[in-house]
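K.L.:
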Amino acid sequence: VDAFTQKFPRIYDFQVSPSWHQLTFFNTDNDNRMDIGVEIAGSTAEGTLGLDPDKDYYVYDFWNDTFVGKIAGSGKLRQQLRPGEVRMMSIHEAEGHPQFISTNRHIMQGYIDLVRIEWLPGRNILRGISRVTGGDRYVVTIATNGYTARAAKVDDPDTRAVLENVDNGLSRFIIQRDENAIVEWTVEF
Numbered sequence: 014v015d016a017f018t019q020k021f022p023r024i025y026d027f028q029v030s031p032s033w034h035q036l037t038f039f040n041t042d043n044d045n046r047m048d049i050g051v052e053i054a055g056s057t058a059e060g061t062l063g064l065d066p067d068k069d070y071y072v073y074d075f076w077n078d079t080f081v082g083k084i085a086g087s088g089k090l091r092q093q094l095r096p097g098e099v100r101m102m103s104i105h106e107a108e109g110h111p112q113f114i115s116t117n118r119h120i121m122q123g124y125i126d127l128v129r130i131e132w133l134p135g136r137n138i139l140r141g142i143s144r145v146t147g148g149d150r151y152v153v154t155i156a157t158n159g160y161t162a163r164a165a166k167v168d169d170p171d172t173r174a175v176l177e178n179v180d181n182g183l184s185r186f187i188i189q190r191d192e193n194a195i196v197e198w199t200v201e202f
């Protein structure tokens with residue numbers, strides 16, 4: 014993103030889709046903290062993400078397992094990074110219904126492990142298919158967007174599923190099983 018505005022690039026963007034970006038901030042200084050920021054909207058030729066200034070975006074930090082917040086498209090995302098730190102953040106355009114904003118399986122936060130995700134509006138269900146690694150907790154973080162998560166189900170009796178409502182309008186759907194598998198799941202709202 015900042016290849017032409019910085020001596021050493023610190024901001025990298027991978028567009029998964031027009032509404033989902035994977036953003037990396039890199040502190041090139043191994044001795045000092047660094048403030049890094051990027052405008053959400055604007056011309057990408059000028060070092061911005063080029064997203065819609067009239068929309069809002071959810072940001073989730075993978076390495077720190079932290080919800081950064083909901084940011085206006087007309088705003089700027091700023092973070093202070095530790096010396097030498099790389100911060101991987103998933104950015105999702107806020108929708109009018111529950112949506113996933115991160116998974117914990119891979120730094121790409123759903124790009125590799127989330128086979129399919131869809132909202133079923135007439136039934137108020139978020140439905141997905143995920144690649145789950147045996148013996149490890151798989152967590153899908155969901156922005157509820159004003160809805161209340163009520164129940165979660167999986168398609169396999171050997172798979173354990175837990176739904177947690179957490180702060181900031183988020184829910185976490187946790188899947189565990191002993192063996193690797195592709196798991197179909199639903200969260201009801």
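Take the sequence shown: its letters are residues 14 to 202, numbered as in the numbering used here. Ideal Cβ positions, reconstructed from N, Cα and C, are used throughout, including at glycine.
Whole angstroms are fine: how far does the CA of glutamine 122 sit from the CA of threonine 116?
P.N.:
Taking the first residue of the sequence shown as 1, we reach residue 116 at position 103. Taking the first residue of the sequence shown as 1, we reach residue 122 at position 109. Taking the straight line joining both Cα atoms gives about 5 angstroms.
K.L.:
Alpha carbon to alpha carbon, how far is valine 196 from histidine 119?
P.N.:
The residue given as residue 196 occupies position 183 in the sequence shown. The residue given as residue 119 occupies position 106 in the sequence shown. Straight-line Cα distance between these residues: approximately 16 angstroms.
K.L.:
Only counting the same chain, and skipping five residues up and downstream in sequence, which positions put a Cβ closer than 7 angstroms to that of asparagine 45?
P.N.:
Taking the sequence shown and counting its residues from 1, one reaches residue 45 at position 32. Taken in chain order, the residues that qualify are Pro96.
K.L.:
Give the DSSP bridge partners of leucine 133, in chain order.
P.N.:
Within the sequence shown, the letter at position 120 stands for residue 133. Looking at the DSSP assignment, leucine 133 forms a beta bridge with Ile138.
K.L.:
Who are the Cβ neighbours of glutamine 19 in its own chain at under 7 angstroms, not counting the five residues just before and after it?
P.N.:
Stepping through the sequence shown from its first residue, residue 19 is reached at position 6. Excluding positions up to five away in sequence, the list is empty.
K.L.:
Taking C-alpha atoms, which residue in Asp180, Leu36, Val175 lies nearest to tyrosine 151?
P.N.:
For the purposes of this step, residue 151 is taken as the residue at position 138 of the sequence shown. Here the closest residue by C-alpha is Val175.
K.L.:
Sort out for me which residues DSSP pairs histidine 34 with in a bridge.
P.N.:
The residue you call residue 34 lines up with position 21 of the sequence shown. Beta-bridge pairing links histidine 34 to Gln28, Ile104.
K.L.:
Buried or exposed for tryptophan 198, please, with buried defined as at least 16 other CB atoms from any protein chain shown within 10 angstroms of its CB.
P.N.:
Along the sequence shown, one-based indexing puts residue 198 at 185. Buried: at least 16 other Cβ atoms inside 10 Å.
K.L.:
Rounding to the nearest angstrom, what Cα-Cα distance links phenylalanine 38 and serine 87 in this structure?
P.N.:
The sequence position of residue 38 within the sequence shown is 25, counting from 1. The sequence position of residue 87 within the sequence shown is 74, counting from 1. Near 19 angstroms, if we compare the C-alpha coordinates of serine 87 and phenylalanine 38.
K.L.:
Is alanine 162 helix, strand or coil by DSSP?
P.N.:
The residue labelled residue 162 in the question sits at position 149 within the sequence shown. Residue state, collapsed to three classes: coil.
K.L.:
Within this structure, are the beta carbons of glutamine 28 and methionine 101 separated by less than 8 angstroms?
P.N.:
Within the sequence shown, the letter at position 15 stands for residue 28. Within the sequence shown, the letter at position 88 stands for residue 101. No.
K.L.:
Please check the pair aspartate 69 and lysine 83, which I expect to be a contact at CB under 8 angstroms, by giving their CB distance rounded to whole angstroms.
P.N.:
Numbered from 1 along the sequence shown, position 56 holds the residue referred to as residue 69. Numbered from 1 along the sequence shown, position 70 holds the residue referred to as residue 83. Indeed they touch by this definition, with Cβ atoms about 5 angstroms apart.
K.L.:
In chain order, what residues of the same chain have a beta carbon less than 7 angstroms from the beta carbon of alanine 85, not counting five sequence neighbours either side?
P.N.:
On the sequence shown, residue 85 is found 72 positions in, with the first residue counted as 1. If we look at alanine 85 and ignore the five residues flanking it on each side, its Cβ neighbours are Asp69.
K.L.:
Assuming contact is defined by CB atoms lying nearer than 8 angstroms, are serine 143 and leucine 127 in contact in what I supplied?
P.N.:
Residue 143 sits at position 130 when you count from the first residue of the sequence shown. Residue 127 sits at position 114 when you count from the first residue of the sequence shown. Going by C-beta atoms, serine 143 is nearer than 8 angstroms to leucine 127.
K.L.:
Of the choices Ile53, Thr57, Pro22, whose alpha-carbon is the least far from that of proline 66?
P.N.:
Locating residue 66 in the sequence shown gives position 53, counting from the first residue. Of the listed residues, the one whose Cα sits closest to proline 66 is Ile53.
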